[in-house]
Amino acid sequence: MRITLINPNTSVAMTQKVAAAARAVAGPGVEIVAVCPAPGEGPEAIESHFDEVRAASVVVELVERDLADGGSDGYVIACFGDPGLDAARELVDVPVIGIAEAAMHVAALTGRTFGIVTTLSRTLGRADDLVQRYGFERACVAAYGTGIPVLALEETGSAAFEDIAAWCERVVREDGADAVVLGCAGMADLCARLSERVGVPVVDGVAASVGLVAAMSRMGVGTSKRDEYARPTRAQAAPQGQLRVPAAAIA
C-alpha cells in the first residue's frame, strides 16, 4: 500500500518531520511518500486565508502529478486547514483525508470532549469553520492559538514544547477537555511527550490520517463518486514537469 502525504508548504524539514510521524504508525506493508512544493511554487507557511488558497492549489497539482506517475492508494493532506480537500477528492476514488478532519474524529472517540491547540490566533476562524463542518460543535469545548508561527515548529524537538504544553494543560484544566487536538502538522513529533505531560490523549492529525487512510484502503472504502465528488468534467491532468517536487524522494 502506498500513501502519499502532502505537505502544502515548501519546508523540506517539516515534510521530513511529518513523514517520520506517519511512518511510525503506518505499519508493515505501507509505503509513505512525502511530498511538498519547491520554493516559490507554494506558501512558505500556511498562516492566512491567502496562504490557504495557494496551498489548496498546490494540493491539487501534487495529486495530479502523483496520478500521472501511477497514483497512490490514499492521500493525506498534512495541513490543519485541510486545504484543497474537496478538490482532491474529486480527482481520485481512493481515500483522501485531511489532518484536522482525522484528528477531530479520533479525539471524539477518546472521550466526550476535546480542545484544539494550534499556532497563530488568526487561524482559529478556520479551525472553527472545520469544527462546524465536521459536526463537532458539541464535542469541541475550546480552541487556543499559542502565538507560535508555523516555521518555529520546523525542527524536530521544537523549543516551543513548553508553551504548547501549557496551553494543552489549560484546555484540560479550565475547559474540561477529555482530549487535545494538535492544530498543526509541525507539532507531530511532540504528541507522545504532550500526552504524558497533560495526562489525557493528545491527538496528532498526521498519525490519525495515516491510520484512517490505511484502514479505509484495507476495507476497500474509497471516495464516493456518486455526485459531489465525481471527477470534474473540465479537469485535466497537469503536464509532466509542470511542478517541481523535490520532496518526492524525502526519506
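So that you can map any letter, position 102 of the sequence shown is 85 in the working numbering, and since no number is skipped, the others follow by simple counting. Each residue gets a CB set at the ideal place from its N, CA and C atoms; glycine is no exception.
Buried versus exposed, by CB contacts within 10 Å (16 or more), residue i
i	result
residue 4	buried
residue 179	exposed
residue 187	buried
residue 120	exposed
residue 68	buried
residue 185	buried
residue 109	buried
For residue i, the three-state DSSP class (helix, strand or coil)
i	result
residue 57	strand
residue 27	coil
residue 174	helix
residue 13	coil
residue 227	Only weak support is given to the placement of residue 227: the predicted model assigns it a pLDDT of 32, under 50, and the question is left unresolved by the model.
residue 95	coil
residue 74	helix
residue 131	coil
residue 203	coil
Nearest neighbour of residue i, chosen from the options [CA to CA]
i	options	result
residue 118	76, -9, 62, 88	88
residue -13	9, 114, 166, 30	9
residue 38	6, -8, 17, 57	-8
residue 17	-3, 27, 29, 34	-3
residue 209	7, 74, 24, 15	74
C-beta contact flag for residue i and residue j at 9 Å
i	j	result
residue 21	residue 43	no
residue 159	residue 96	yes
residue 99	residue 61	no
residue 161	residue 93	yes
Under 8 Å, with one C-beta from each stretch per pair, do the segment 198 to 208 and the segment 125 to 132 reach the 3-pair mark? no
Would the segment 70 to 78 count as touching the segment 103 to 110 if we require 3 or more Cβ pairs under 8 Å? no
Is the segment 151 to 158 in contact with the segment 42 to 60, if contact means three or more CB pairs nearer than 8 Å? no
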